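Taking it in order: structure first as structure tokens, then the write-up.
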Amino acid sequence: MKIPYYPGCTLKTTAANFEQSTLASAKILGIDLIELPKWNCCGTVFSLAADDLIHHVAPIRNLIRVQEMNDNGVIEDEKRLVTLCSMCFNTLKRANLFVKENPDDLKTINDFMNLEEDYQGDVEVVHLFEILKNMGFDKISEKVKKPLKGLKVAPYYGCMLTRPKETGIDDPEEPTIQTDLLKALGADTVDSPYMKVCCGSYQTVNDKDAVARLARDILTHAQNEGAESICTSCPLCAFNLDNRQKEIKEKDPEFEGIPVFYFTQLMALAFGVEDEFYGFDLNYINPTPLLIKKDLLKN
Amino acid sequence: MIDILLVSSENEEFLEKISELSGETITLCDQCGTCSGGCPMVAEMDITPSQMMRMTQLGQREILETKAMWLCASCYTCTVRCPRGLDVSKVAEALRQIKLRQAIDYIDIKKIPEDEINILPQIALVSGFRKFTG
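As given, the protein sequences belong to chains A and B, one line each in that order. First residue of the first sequence? That's 83 in the working numbering, and the numbers climb one at a time after it. First residue of the second sequence? That's 34 in the working numbering, and the numbers climb one at a time after it.
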């Protein structure tokens, strides 16, 4: 299956391990993710002000690239655009929904981008989770070579995957899609009441202590339920939950570090792809000792 | 002693402006407090999200000097829970926009420490700039 893919900025830098592990695992599943040519930053946050059309331009321009890929035969009749980063997913999908519901505003945006072809409004923004769900988690478990047996993982959904309801991929209050995937990989999933509580998002730029307090709540609640690791799909959640453990530890020396994975890193591990695609060197809390202990990595 | 609150045309104008910018019918809020109860940032705020809604209903411009709107992380927990179907995150955005469109930034980009710039993911920086600067 050839499908257009939007990486977004962070997957090329601090979350390069998210991209690497995704591309390697997708290949095992027969999904050929074709990176959009000339993609641009989506703006990371959906423009919430009613009159702020200019900030919809960046996400919509990316959707035009999907049209072009179909027109010039890079892909055949595939109007879905796959995203990985939860923030990109939310911004692209909401902007897409906005212009579909507001044709006059789409015309304004199209007229503004007079060097681009018009966006026709028929691209569908999807998250990789949805592609996996459509394949069937039983099909995914057939590809597992190394079940993540005994690895206690707490799925963390954050905000942008499930909220708001119009664009969420699962129930905003009781999401299960990540648990379903982790179970298919053979992991022991741990439910935590904080699995959908915001990590503080961009507040991390201005108030890292507030974010560290939120992250501490999220992590310790998962630990109290028996989790030894956290799993996420958002590079900003990953940063706040993983890297901000430095600030948590400074305030609370008793706090025990807990590794934070991207769901695709766990997929790559379970599918038994080569070690070089795991990208654990970019994780702040090194997950290697835990994985060796669980017999999932060789010493 | 009963406090009498006078609502002037200036107050009405402010409410109208925020309603227009947010696209929300702010007067629908009946102060149930669900947004404040679920807000992950509420412990850091000077006023709660429901107080923010009430002050906006009354058109009190002093709201622009509070910190709550800046501490909103746009996590949409209030959005999915409001029993009146209101999107409080859009009201917070409208209030921020009033400041930002007067070129009054909430953060000074130059003051972000270099070691933080080096480790922060782009999505953190770009979204921070989008929400805190004009």
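Every residue, glycine too, gets a C-beta built ideally from N, C-alpha and C. Predicted, not measured: the structure shown is a model, and the values here were computed from it.
Taking buried to mean at least 16 other C-beta atoms within 10 Å of its own C-beta, is residue i buried or exposed?
i, result
"B:Ala106", "buried"
"A:Phe180", "buried"
"A:Pro119", "exposed"
"A:Pro275", "exposed"
"A:Asn365", "buried"
"A:Leu174", "buried"
"A:Val183", "Residue identity differs from the one stated: residue 183 of chain A is Glu in this sequence, not Val. Burial call: exposed."
"B:Asp36", "exposed"
"B:Lys123", "buried"
"B:Leu61", "exposed"
"A:Ile330", "buried"
"A:Lys189", "exposed"
"B:Thr89", "buried"
"A:Asp252", "buried"
"A:Ser103", "buried"
"A:Met242", "buried"
"B:Ile96", "buried"
"A:Phe194", "exposed"
"B:Leu58", "Checking the sequence shown, residue 58 of chain B turns out to be Thr, not Leu. Label assigned to B:Thr58: exposed."
"A:Pro89", "buried"
Under 6 Å Cβ to Cβ from residue i, same chain only, skipping five residues before and after it: list those, please.
i, result
"B:Ala125", "Met102 and Cys105"
"A:Asp97", "Residue identity check: residue 97 of chain A is Ala in the sequence provided, not Asp. These residues qualify, in order along the chain: Pro317."
"A:Phe171", "Thr165 and His209"
"A:Asp220", "none"
"A:Ala320", "Thr314 and Val342"
"B:Arg114", "Thr67 and Gly71"
"B:Thr99", "Asp79 and Ile80"
From the options, pick the residue whose C-alpha is nearest to that of residue i; which is it?
i, options, result
"A:Glu332", "A:Gly308, A:Asn306, A:Asp291 and A:His138", "A:Asp291"
"A:Gly232", "A:Leu267, A:Phe337, A:Ile259 and A:Gln327", "A:Leu267"
"A:Ala269", "A:Asp357, A:Pro254, A:Lys228 and A:Val207", "A:Lys228"
"A:Glu212", "A:Gly282, A:Lys234, A:Glu199 and A:Leu163", "A:Leu163"
"A:Leu296", "A:Ser315, A:Ser311, A:Leu323 and A:Pro317", "A:Leu323"
"A:Met277", "A:Thr258, A:Ala294, A:Val287 and A:Glu150", "A:Thr258"
"B:Gln84", "B:Ser52, B:Leu158, B:Gly66 and B:Leu39", "B:Gly66"
"B:Asp141", "B:Leu158, B:Thr99 and B:Leu97", "B:Leu158"
"A:Leu197", "A:Asp153, A:Asn154 and A:Ile146", "A:Ile146"
"A:Ala132", "A:Val156, A:Ser168, A:Val148 and A:Ala177", "A:Ala177"
"A:Asp204", "A:Asn144, A:Gln149, A:Gly155 and A:Gly218", "A:Gln149"
"A:Ala245", "B:Glu45, B:Asp63, B:Ser69 and B:Thr112", "Note that residue 245 of chain A corresponds to Arg in the displayed sequence, not to Ala. Among B:Glu45, B:Asp63, B:Ser69 and B:Thr112, the Cα nearest to that of A:Arg245 is on B:Thr112."
For residue i, list the residues DSSP reports as bridge partners.
i, result
"A:Pro86", "A:Ile116"
"A:Arg162", "A:Glu206"
"A:Pro237", "A:Cys313"
"A:Val342", "A:Ile312"
"A:Asp270", "A:Lys234"
In chain order, what residues of the same chain have a beta carbon less than 7 Å from the beta carbon of residue i, not counting five sequence neighbours either side?
i, result
"A:Leu214", "Ile222 and Leu263"
"A:Ile367", "Asp324, Gln327, Gly339, Ile340, Pro341 and Val342"
"A:Phe353", "Ser107, Ile110, Lys225, Val226 and Lys227"
"B:Arg134", "Gly167"
"A:Ser129", "His137 and His138"
"A:Cys91", "Cys123"
"A:Ile191", "Leu135, His138, Val139, Ile142 and Val181"
"A:Gly125", "His137, Ala140, Pro141 and Thr173"
"B:Leu54", "Ala127 and Gln130"
"A:Leu379", "Thr370 and Leu373"
"B:Gly56", "Lys123"
Leaving out the 5 sequence neighbours to the left and right, which residues in its chain are closer than 8 Å to residue i when beta-carbon positions are compared?
i, result
"B:Pro73", "Ala106, Cys108 and Thr110"
"A:Ser311", "Leu233, Lys234, Val235, Ala236, Ile340, Pro341, Val342, Phe343, Pro369 and Leu372"
"B:Ala136", "Gly167"
"B:Pro154", "none"
"A:Lys94", "Glu101"
"A:Glu255", "Lys278"
"A:Glu158", "Lys84 and Asn152"
Rounded to whole angstroms, how far is the Cβ of residue i from the Cβ of residue j, which I believe are closer than 8 Å?
i, j, result
"A:Gly250", "A:Thr314", "Not a contact, Cβ separation roughly 16 Å."
"B:Gly161", "A:Asn288", "7 Å"
"B:Met86", "B:Val121", "6 Å"
"A:Met151", "A:Asp114", "Contact flag wrong, Cβ pair sits at about 13 Å."
Should residue i be listed as close to the ligand SAH, given that the test is whether its C-beta is under 7 Å from any heavy atom?
i, result
"A:Phe100", "For the structure depicted, the ligand SAH is absent and the ligand set is empty, with no information on it obtainable."
When Cβ atoms are compared, which residues of the segment 36-61 of chain B fall closer than 8 Å to chain E?
-> Although the question refers to chain E, the structure presented lacks it and instead comprises the protein chains A and B.
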